[in-house]
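Note sheet for the following structure.
Numbering (this note's numbering), first residue to last: 1 to 89.
See below:
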């Protein structure tokens, strides 16, 4: 059950930042976070847009780490099950 929760949490964390990042890259418009969201246009403020997009991309790292740990744990368990089946003690 923990592995399933890790997959769901990892996907949620990646998509929470990844979808706005992809939308911003495609459209050239990114929104700030917080109570008063502001629109930042790539054409008007290129440095601020690049900084906000970079922060969104870095924020996906936590979700990617959780996903990587979940995949590693799954592979480790499958490998252990195969070894137990192939060479029982």
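C-beta atoms are modelled at their ideal positions from N, C-alpha and C, and glycine is treated no differently.
Check the Cα spacing between residue 5 and each of 74, 43 and 55: the tightest is with 74. By the neighbour-count criterion, in which 16 or more other beta carbons inside 10 Å mark a residue as buried, residue 25 falls on the exposed side.
Rounded to whole angstroms, residue 84 and residue 8 show a C-alpha spacing of 28 Å. According to DSSP, residue pairing for residue 29 in a beta bridge involves 41.
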